[in-house]
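A short write-up of the structure that comes next.
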Amino acid sequence: MSNNFEDIKIVSLNDKLSVSADPKSEQLMYIVFDLSSPAPGKWADYFNSRWSSKMYGFDRTANVSGERLKIRCTPDELKKELLAALKHAITQANSYYHEMLDSHQKASEAQAAKVERQKAQLAELKKNLTFD
20 MSNNFEDIKI
30 VSLNDKLSVS
40 ADPKSEQLMY
50 IVFDLSSPAP
60 GKWADYFNSR
70 WSSKMYGFDR
80 TANVSGERLK
90 IRCTPDELKK
100 ELLAALKHAI
110 TQANSYYHEM
120 LDSHQKASEA
130 QAAKVERQKA
140 QLAELKKNLT
150 FD
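Sequential numbering of the sequence shown, starting at 20, is according to the numbering used here.
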């Protein structure tokens, strides 16, 4: 089973969109990354819900919208552990999305096969019916 979805990856840190997250803190920032392509809605929903559930063990908000990933953290936290966790979360979201697309494709193929079987049954029935 094959789908046309290409895995999403972080391609760069967008320093133009990254800004301070707290006027009282010199370190805490909203750090923005550019993604390799816009995240489909269900992909972004999966990533955002998994990250916000704190399943990765971090109390730092992050979310994906369109072609951007934004995380609230310090540069030091990002270097030490958060970038690796973000990459892992992206890999999991890619896997989830591939599986979802494959599942939808299988269901669609099964439905198409069912319709073809029904058409064949009706054609056979039509040949054997008489109306006089």
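The beta-carbon is built from N, C-alpha and C at its ideal position, and this holds for glycine as well. None of the values given here were measured: they were computed from a predicted structure.
Through-space distance from Q124 to A139, alpha-carbon basis: Here residue 139 corresponds to residue number 120 of the sequence shown, with the count starting at 1. Here residue 124 corresponds to residue number 105 of the sequence shown, with the count starting at 1. Taking the straight line from one Cα to the other gives about 23 Å.
Through-space distance from S39 to Q46, alpha-carbon basis: Position 27 of the sequence shown holds residue 46. Position 20 of the sequence shown holds residue 39. Looking at the two C-alpha atoms, the distance is approximately 8 Å.
Buried versus exposed call for E118 [16 or more other C-beta atoms within 10 Å across all chains shown]: In the sequence shown, residue 118 corresponds to position 99, counting from 1. Burial call: exposed.
Chain-order list of residues whose beta-carbon lies under 6 Å from that of S55 (same chain, five-residue window excluded): Translated into positions along the sequence shown, residue 55 becomes position 36. Non-local C-beta neighbours of S55 in its own chain, meaning closer than 6 Å and more than five positions away in sequence, comprise I27, K28 and V30, ordered along the chain.
Residue from V51, R136, L101 and N147 with nearest C-alpha to K89: Along the sequence shown, read from residue 1 onward, the residue named residue 89 stands at position 70. Per the Cα distances, V51.
Test item: CB-CB of R91 and R79 under 7 Å: Walking along the sequence shown from the start, residue 91 turns up at place 72. Walking along the sequence shown from the start, residue 79 turns up at place 60. In this structure, R79 lies closer than 7 Å to R91 by Cβ.
Residue range of the unbroken beta strand (DSSP E) whose run includes S84: Against the sequence shown, residue 84 aligns to sequence position 65. Element bounds for S84: A81 to S84.
N-terminal and C-terminal residue of the beta strand (DSSP E) that K106 is part of: In the sequence shown, residue 106 corresponds to position 87, counting from 1. Annotation: K106 is outside any beta strand (DSSP E); the continuous alpha helix (DSSP H) that includes it extends over L102 to N147.
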